[in-house]
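Presented below is the structure to which this report refers.
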DNA sequence: GACATCACG
DNA sequence: GACGTACGTGATGTCC
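Numbering (the numbering used here), first residue to last: 10 to 939.
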């Protein structure tokens, strides 16, 4: 078959795949011999995902993966500094390079490279040939150097983001169409490849110049006509360097190749070769997945001899057929006996829903050793799940719930038996509903969180894939989705047993794997003092809930609706037509296209940005954006708060029960969901009134206590800033003090505006400040913002040291730590480009935010005991605030007790050089209490 | 389901 | 020297 019209060539940028794979995965090694294998694993996964996605009319007829070969190319002969500032290839990546070639061949995909040429040149040559033959070509890469090739049958595809780049996409990136990309690159240069370009000229300016003069040659010829003197001189002085740069970025479309496109025809992989390679690499999950898809038996991957200090995990295969259904007392007794034999058991509950307040217990699964697990169904319904009306009759083969619980409760509450769960808070709440207190327990989710926060999430699917190389049975096929979804009690028993028992089995295996590592990772203390003890505390808070007055919300909702309708009329009037005010896309078109307002900026999706910042700027000149801002505020308040909150009021309790995720935020903070009660409005007057709907029960009062400036105090301690510490000791207004120090204004002459600036800088420091960010926040020129920052560092030199030290620590270890030993991993700190900047700022922020999170966790854990003699309940946590409900008359006693716990929460583990101060308030509702 | 927007600390 | 930039979250509506 000769390549031509109707054919489609795919060219995969192999190096891009490799580096993405390398940075996306932790440094995995092959179990049997420790060979670094992470990049190969990621590479194979990407290749497999790519092949899977190749269906439909657009599928390629020809494909090749193109690699770079050697580091010396013809460009180095032109310019010896080309790519000279590239970091050397990481030690553990080098041995993986040949393996990625083998992997490509194992997938039976053509694999091409050529000494002295970059992959980009080969890609260029093939793309041009494909175009000349009248075929289509897709380059799978997001490398901007390839963008010059786009157009006329050639396009690019970012496989990770599934983002196609055509001529317009290139224009969005470079400000010129593909045929002029080289000109722009020649001017702008490229720091990554060390292409010099013209000093002081970036892509924006380059595109401007090229568009004005047509092309680079014309520009250089007529450089004397450029108006800006500096720019003119730069171009005149550097003309040779610019021409050299153009030769460097220009891809060679005539690379001599010893093959043709016809040799790249798509071929099916040979199962034996592919599976053999994957097995040799010891990719258990991928081997099995691909074997299943091909309908082949997965080759056996030999168990590696465990390294002496590696935890021993039984590598027993998962077999859903081996799980037992427990149907009677005799069988259950055998399980209980087995549990007492070993002293621990993995427990998992199945219920009718995810909301522990309303969910009903459907069954319980137990596991005592890997592969040995059972499911005790309790209220599964009889009849097929496709029965139109369902059946209310219970299925055969189930114990009565009360009989089963009577036998299980002593074990669940027995201090001698350790109960192991994955996200035990959920199961503990289900059991608490029926009066059972599960203790003691371990939680595999929290063990993973203590060790790996920042690396990945800690759901069972993730942990099982990562640490057991096993994909759990998915729940979706059992329950369905959308309207036709059923609850677990409708799942046929045979399927239910396999699914439920497997969860307990996985949990037990994870525990065996993760528990011993707590110690070696030195996070046992974190797990034992900050994670596990918080579970029962949060469970109790969530079960308590907070009383919310539906009438108040409903009245506010109506008021908002009326105001919104009025605003909509005004908005349509100004716009001259009706449109959906809630659609940023339509709003952008109205503002910038139809009304012709200047300064519309398009984001990466090509839509105009219409965020608050932009609308606020426009609002000084125009009516419409001002009205839209008002409308948006009301819309937010109505939909997210006054309306949605009502649906969360529990019918039985009349209260709202949030759920806190303990292992969600990487820094150690909690997160509140369903509903989120950590973002109830307060900053605007209108929004603040929503807190009036959060009320105390009759005869009770709400009490709120919050840490004052906890993060700045922690910063003062960690970075050891005497001036800050002294100011906190004196009880000064910290932002005013900072302002006075920085701007040489005496405290008694402080103005609100100067203080506001200092406050922004104080917060900026906590976030890993940048001149750009501060400038945007304060809406001042960047140079001025940078001046403030310089001044700040000068006055408080410890801050810069802290920032530099923290970054260096993160680079060296891949994580940072809080004062209490919590680890927050920052894997991206090693990456190049803007990602590293993000990671660096996150690394600077994490010890501060994380230590504050640890402090309030410690307070919460001690709180139940400290207030046990008071008629008070802890209801909510909002990062630096705790909300309580207390019987009238006991408010002050509660404040005294709770404040004492909070202010001394770091004792005795960490002796803070700055005292922690807690403000308190009380009232009939949350607005008053705060 | 991605994206934009906006609520909180 | 330019790049793209404040930290951490969750919920909602639009649009594909």
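For glycine and all other residues, C-beta sits at the position ideal for the given N, C-alpha and C. Model, not experiment: these values are computed from the prediction.
From the options, pick the residue whose C-alpha is nearest to that of residue i; which is it?
i           : options               : result
residue 479 : 327, 882 and 221      : 327
residue 102 : 66, 770 and 34        : 34
residue 736 : 813, 925 and 685      : 925
residue 380 : 521, 104, 778 and 642 : 521
residue 159 : 182, 402 and 602      : 182
residue 702 : 660, 813 and 564      : 564
residue 291 : 98, 653, 44 and 302   : 44
residue 558 : 508, 699, 645 and 646 : 699
residue 428 : 377, 353 and 494      : 353
residue 572 : 623, 606, 643 and 532 : 643
residue 286 : 66, 68 and 49         : 49
residue 93  : 872, 81 and 370       : 81
residue 156 : 909, 139 and 174      : 174
residue 145 : 545, 134 and 69       : 69
Going by the beta-carbon positions, is the gap between residue i and residue j smaller than 8 Å?
i           : j           : result
residue 311 : residue 297 : no
residue 264 : residue 161 : no
residue 59  : residue 168 : yes
residue 510 : residue 332 : yes
residue 205 : residue 254 : yes
residue 119 : residue 272 : yes
residue 876 : residue 906 : yes
residue 481 : residue 470 : yes
Checking the sheet assignment: what are the DSSP bridge partners for residue i?
i           : result
residue 832 : 826
residue 74  : 21 and 120
residue 200 : BP columns for residue 200 are empty, so no partner.
residue 384 : 334 and 374
residue 715 : 890 and 928
residue 45  : 38
residue 619 : Answer by DSSP bridge pairing: none, since residue 619 is not bridged.
residue 53  : Per DSSP, none; premise fails for residue 53.
residue 160 : 163
residue 427 : 353
residue 299 : Looking at the DSSP assignment, residue 299 forms no beta bridge with any residue, so it has no partner.
Using only the alpha-carbon positions, how far apart do residue i and residue j sit?
i           : j           : result
residue 16  : residue 71  : 8 Å
residue 542 : residue 180 : 56 Å
residue 383 : residue 459 : 29 Å
residue 755 : residue 857 : 29 Å
residue 505 : residue 62  : 32 Å
residue 675 : residue 921 : 23 Å
residue 320 : residue 526 : For residue 320, the predicted structure reports a pLDDT of 43, less than 50, and the residue's modelled location is therefore unreliable. A value from the coordinates is still provided. Taking the straight line from one Cα to the other gives about 7 Å.
residue 316 : residue 78  : At residue 316 the pLDDT is 43, less than 50, meaning the model places this residue with poor confidence; the figure from the coordinates comes in the next sentence. Going by the C-alpha atoms only, they are around 36 Å apart.
residue 406 : residue 388 : 10 Å
residue 252 : residue 166 : 30 Å
residue 549 : residue 712 : 18 Å
residue 672 : residue 431 : 11 Å
residue 318 : residue 529 : Any reading at residue 318 must be qualified, since the residue scores a pLDDT of 40, below 50, and its modelled position is unreliable; no value is offered.
residue 304 : residue 538 : 49 Å
residue 235 : residue 178 : 29 Å
residue 104 : residue 421 : 51 Å
residue 259 : residue 191 : 6 Å
residue 992 : residue 835 : Coverage of the chain is limited to positions 10 through 939, which leaves residue 992 absent and any answer about it impossible.
residue 491 : residue 392 : 21 Å
residue 860 : residue 830 : 9 Å
residue 324 : residue 802 : 54 Å
residue 584 : residue 610 : 19 Å
residue 257 : residue 36  : 34 Å
Say yes only if the C-beta of residue i is nearer than 7 Å to one or more non-hydrogen atoms of the ligand NAD, and no if none qualify.
i           : result
residue 857 : As far as ligands go, the structure on display features none, and thus does not contain the ligand NAD.
Segment contact flag, the stretch 43-57 with the stretch 121-140, C-beta cutoff 8 Å, min 3 pairs: no
Touch test, the stretch 870-886 against the stretch 822-837, Cβ-Cβ under 8 Å, three pairs minimum: no
contact_flag[the stretch 21-40, the stretch 140-152] where n(CB pairs < 8 Å) is 3 or more: yes
Three or more C-beta pairs below 8 Å linking the stretch 662-676 and the stretch 583-602: no
Cβ contact (3+ pairs, closer than 8 Å) linking the stretch 511-518 and the stretch 415-423: no
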